[in-house]
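J.:
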Amino acid sequence: MNMQAETGEFIAKKYEPKGPVVLDCYVKNIYYGDFRAVRDTTIPVEKNKVTGFIGPSGCGKSTVLRSMNRMNDLIDSFRFEGHIQYHDHDIYSKKVDAVIVRRYIGMVFQLPNPFSMSIYDNVAFGLRLNGYKGDEEEMVVKALKRAAIWNDVKDKLKNSGLSLSGGQQQRLCIARAIATEPDVLLMDEPCSALDPIATRQIEELMVELKQHYSVALVTHNMQQAMRVADVTAFLGVDISNGGRTGYLVEMDDTKKIFEDPQQLLTKQYVRGEFS
Amino acid sequence: MVHDPFKDSASGKTLSAPPSPSDYMKDSVFRSFAYLCALSIILLLAYIVFELGSQALPAIKEHGLGFITGTTWDTNQNEFGVLPEIWGTLYSSLLALLIGGGLGVAIAIFLTQGFMHAKIEVMFRTIIELLAAIPSVVYGLWGIYVLIPLIRPAAHWLHETFGWFPLFSTDLSGPGLAPAALVLAIMILPTVAAISADAFRRIPYKVKEAAYGMGATKWEVILKVMLPTASSGILAGLVLGFGRALGETMALAMLIGNVNDISVSLFAPANTLASLLASTFPEAGEIEIQALMYASLVLLLITFVVNVAGLAVQQYTMRKFEGKK
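In the order they appear, the protein sequences are chains A and B. According to the numbering used here, the first sequence is numbered sequentially starting from 1055. According to the numbering used here, the second sequence is numbered sequentially starting from 2.
(1) Could you pull out every unbroken alpha helix (DSSP H) segment of at least 4 residues lying fully inside the region 1131-1204 of chain A, listed in chain order?
(2) Would you report the Cα separation of GLU52 (chain B) and ALA269 (chain B), rounded to the nearest angstrom?
(3) Classify GLU86 (chain B) as buried or exposed, calling it buried when 16 or more other Cβ atoms lie within 10 Å of its own Cβ.
(4) Out of B:ALA292, B:LEU302, B:VAL299, point me to the one whose CA is closest to PRO59 (chain B)'s CA.
(5) Verify the CB distance criterion: does TYR295 (chain B) have a CB-CB separation below 9 Å to chain A?
(6) Between the alpha carbons of ARG1230 (chain A) and LYS1210 (chain A), how many angstroms are there, rounded?
(7) To be precise: take each residue of the region 216-235 of chain B, compare its Cβ to all Cβ atoms of chain A, and keep it if any distance is under 7 Å. Which residues remain?
(8) Within the 9 Å Cβ cut-off, does LEU1048 (chain A) reach chain B?
(9) What does SER1217 (chain A) touch in chain B if you count any residue whose Cβ is under 7 Å from its own?
(10) In the DSSP assignment, what residue or residues form a beta bridge with ASN1083 (chain A)?
(11) What does the alpha-carbon distance come out to for the pair MET294 (chain B) and ILE135 (chain B)?
(12) If you count every other CB in all the chains shown that lies within 10 Å of the CB of LEU151 (chain B), and 16 or more means buried, which is it?
(13) Check this for me: beta carbons of GLY194 (chain B) and GLY238 (chain B), under 9 Å apart or not?
(14) Kindly list the residues whose CB is nearer than 6 Å to the CB of LEU98 (chain B), restricted to its own chain and excluding five residues on each side of it in sequence; keep chain order.
(15) Considering only C-alpha positions, which residue in the set A:ILE1311, A:ILE1159, A:LEU1289 is nearest to TYR1301 (chain A)?
(16) Listed in chain order, which residues of the region 117-147 of chain B have Cβ atoms closer than 9 Å to some Cβ of chain A?
(17) Quick one: which residues of the region 199-213 of chain B get their C-beta closer than 9 Å to a C-beta of chain A? List them in chain order.
(18) Flag this pair as touching only if the region 1153-1173 of chain A and the region 1124-1136 of chain A have three or more C-beta atom pairs under 8 Å; answer yes or no.
(19) Hey, could you find the ends of the beta strand (DSSP E) PHE1288 (chain A) is sitting in?
(20) Using a Cβ cut-off of 7 Å, pull out every chain A residue sitting near LYS321 (chain B), in sequence order please.
(21) Just verifying my parser: in three-state terms, what is the DSSP assignment at GLU1235 (chain A)?
(22) Quick one: measure Cβ to Cβ for ALA252 (chain B) and GLY141 (chain B), integer angstroms, because I've assumed they're closer than 8 Å.
(23) Are the C-beta atoms of ILE1203 (chain A) and some chain B residue less than 9 Å apart?
(24) Using a Cβ-Cβ cut-off of 6 Å (strictly less than) and excluding sequence neighbours within five positions of LEU96 (chain B), which residues of its own chain qualify?
(25) Quickly, what does DSSP pair ASP1242 (chain A) with across the bridge? List them, please.
(26) Output yes if chain B places a C-beta closer than 9 Å to the C-beta of MET1125 (chain A); else output no.
(27) Below 7 Å between beta carbons is the criterion; list the residues of the region 1172-1200 of chain A that meet it against any residue of chain B, in chain order.
(28) Leaving aside the five residues before and after VAL265 (chain B) along the sequence, list all residues of the same chain whose C-beta is less than 6 Å from its C-beta, in chain order.
(29) Beta-carbon within less than 7 Å of ALA285 (chain B)'s beta-carbon, same chain only, minus the 5 sequence neighbours each way: which residues are those?
(30) Just to confirm my understanding: we take THR1105 (chain A), look at its own chain, exclude 5 residues before and 5 after, and list those with CB closer than 6 Å. What are they?
(31) Strictly below 8 Å CB to CB, what residues from chain B border LEU1128 (chain A)?
(32) Are three or more beta carbon pairs between the region 195-203 of chain B and the region 273-283 of chain B nearer than 8 Å?
(33) Kindly indicate which residue of B:ARG32, B:PHE322, B:SER29, B:PHE7 has the alpha-carbon position closest to the one of SER233 (chain B).
(34) Listing by chain order, which chain B residues have their CB less than 8 Å from the CB of LEU1008 (chain A)?
(35) Measure the beta-carbon distance from MET1260 (chain A) to VAL1238 (chain A) and round it to whole angstroms, keeping in mind my assumption that it falls under 8 Å.
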């Protein structure tokens, strides 16, 4: 078992990526003010793979995911120690503008958050932002089809995105995020508002997306991780010293994590012995 | 006794119980009270309209619609027309809405979109709310002693240089449309700013997050996402501000010049319905009072139409942007 030299805190065995890495994420510490939210977490997101994040509530998996496109910059007290390399550039370098990071590394959120505009405009939003010169309509339709919502909305593209039901709104948001075909797509429990059929379609989308892009997926649903993630990272919560600090416990091929985990915590978690 | 059909068949151990008779009574008492309050507002409005109407009736009978299209107000010749006042009311209010509305929305954005430290934000908000607490007569005095001398050189220069342009076709000789509209703009600014700022604050954090998540710059987030999302609230603020501008009396009576002319020029003196009422009432005879009542009916009608139109636009944007029926 690896320990941190000074503090004696557990450090997970490093996962050796088998292919090229698109986002090399090393979190030494993430703080919200004085609160240490995550420590010692190394997660390489491999190219053309789905990397799953599982773990109990409060383990910092969403925090780590949101750090990967600097969404946490919106929170004043957020402080990041470590580095996240995207194509050999540290996205946390002072020279890099967070806006550009987010254009290449897209995000789907846990709760549906469509804009107060038409369904069509919602999906075209990113295309217009990025100055897309091609056939906008074609890309919008393509994104809506891939997000498995085309049949629901094809007759009412001019209606407000907010007129849709919760599950439809979430798929609309997924369409909005993939319309610009971002290099990396971060998905934060994207299916928690969806029924099993829509969930299935979104999972198929993830598998399809990884042909050309890379996906990082936070999920509470272990079956979902088993179905779509190629590699899975399991994060735990350290409640010693009165804190609630998340850290990486184990990361490996999904099959290995679920069938032959090396850490006792991982074993208990994937068997549902604690949550 | 309250009828409870489930008591006998439910498990004997359940703690569920029906509301007591007094609970039901509180309900109905509160409901009646709410209805009564709502009804009294409607009755009050109806009474005001009725009273105004009956007092204006002789004038309505005598002048008919010619009152609205007439351009002279002469007690001696018994000739009354309020077209210049209608024009002045709408023109000054629209100008004020343009200036004060634009500034108000800009201030709302500035206050809510994280441009400054929270403490300075609170300070700014308080200052703007204080603007609403200044009595309108003070605004009038400030306009006469500070604003008019202040804008006079600029107005003179504009008239000299761009005199061919209808907006600057006359010189500012003292009171006039421009100072009146500027003061009106300042007066409606707190209303617009406060209501718009509330509309911005009501936008859920997740919307902002989504916009930034798409890789939008701050400017793009505000302009393309926050503004359309807040639009129905902003419109409500604009309608209220416009309504206030239409009815504003004292400051305008002091600043607009009270001249029954119709002019496009920003620097020409003009008159508004409210200011006509305020300045003519004290010395009006019976016939003139009837005409003034007619004028106040016209003002009431304009305010009503503006509010209804504003409501319609607001509901249209709600349907368009928020998908609400």
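Glycine is no exception: its CB is placed at the ideal position from the N, C-alpha and C atoms. In this text, all values refer to a predicted model and were calculated from it rather than measured experimentally.
T.: Put simply:
(1) Within the region 1131-1204 of chain A, the complete alpha helix (DSSP H) runs of at least 4 residues are 1152-1158, 1173-1183, 1190-1200.
(2) When rounded, the distance between both Cα atoms is 35 Å.
(3) Burial is judged here by how many other beta carbons sit within 10 angstroms of a residue's own beta carbon; GLU86 (chain B) has at least 16 and is buried.
(4) Comparing Cα-Cα distances from PRO59 (chain B) to each of B:ALA292, B:LEU302, B:VAL299, the minimum goes to B:ALA292.
(5) With 9 Å as the cut-off, TYR295 (chain B) does not count as an interface residue toward chain A.
(6) The straight-line gap from Cα to Cα measures roughly 16 Å.
(7) Within the region 216-235 of chain B, the qualifying residues are GLY216, ALA217, THR218, GLU221, VAL226, PRO229, THR230.
(8) A question about residue 1048 (chain A) goes unanswered here, because the residues of chain A that appear run from 1055 up to 1329.
(9) Here the neighbours are GLY324.
(10) DSSP links ASN1083 (chain A) through a beta bridge to A:ARG1093, A:GLU1135.
(11) Going from the Cα of MET294 (chain B) to the Cα of ILE135 (chain B) covers about 29 Å.
(12) Residue environment for LEU151 (chain B): exposed (fewer than 16 other C-beta atoms within 10 angstroms of its C-beta).
(13) The amino acid occupying residue 194 (chain B) in the given sequence is Ala; Gly does not appear at that position. In this structure, GLY238 (chain B) lies closer than 9 Å to ALA194 (chain B) by Cβ.
(14) Counting only Cβ-Cβ distances below 6 Å, and skipping sequence neighbours, we find PHE243.
(15) When only C-alpha atoms are compared, the closest one is A:LEU1289.
(16) So nothing in the stretch comes that close.
(17) Residues of the region 199-213 of chain B with a Cβ closer than 9 Å to any Cβ of chain A, in chain order: ILE204, PRO205, TYR206, LYS207, VAL208, LYS209, GLU210, ALA211, ALA212, TYR213.
(18) Yes, the region 1153-1173 of chain A touches the region 1124-1136 of chain A.
(19) Here the beta strand (DSSP E) through PHE1288 (chain A) covers 1285-1292.
(20) Per Cβ cutoff of 7 Å: SER1214.
(21) Correct three-state label for GLU1235 (chain A): coil.
(22) The pair is a contact, with the Cβ atoms about 4 Å apart (cut-off 8 Å).
(23) Judged by the 9 Å Cβ criterion, ILE1203 (chain A) is not in contact with chain B.
(24) Counting only Cβ-Cβ distances below 6 Å, and skipping sequence neighbours, we find ALA182.
(25) In the DSSP output, where bridge partners are listed per residue, ASP1242 (chain A) has A:VAL1272.
(26) Yes, MET1125 (chain A) lies at the interface with chain B (some Cβ there is under 9 Å from its Cβ).
(27) Answer set for the region 1172-1200 of chain A: PHE1179, GLY1180, LEU1183.
(28) For VAL265 (chain B), where only same-chain residues beyond five positions count, the Cβ hits under 6 Å are PRO167.
(29) If we look at ALA285 (chain B) and ignore the five residues flanking it on each side, its Cβ neighbours are LEU293.
(30) Excluding positions up to five away in sequence, the list reads VAL1099, ALA1270, VAL1285.
(31) The contacting residues are LYS209, GLU210, TYR213.
(32) Result no; under three Cβ-Cβ pairs closer than 8 Å.
(33) Selected option, being the one with the closest Cα: B:PHE322.
(34) Since the first residue of chain A shown is 1055 and the last is 1329, residue 1008 (chain A) is not available in this structure.
(35) Not really, about 12 Å apart at Cβ, beyond 8 Å.
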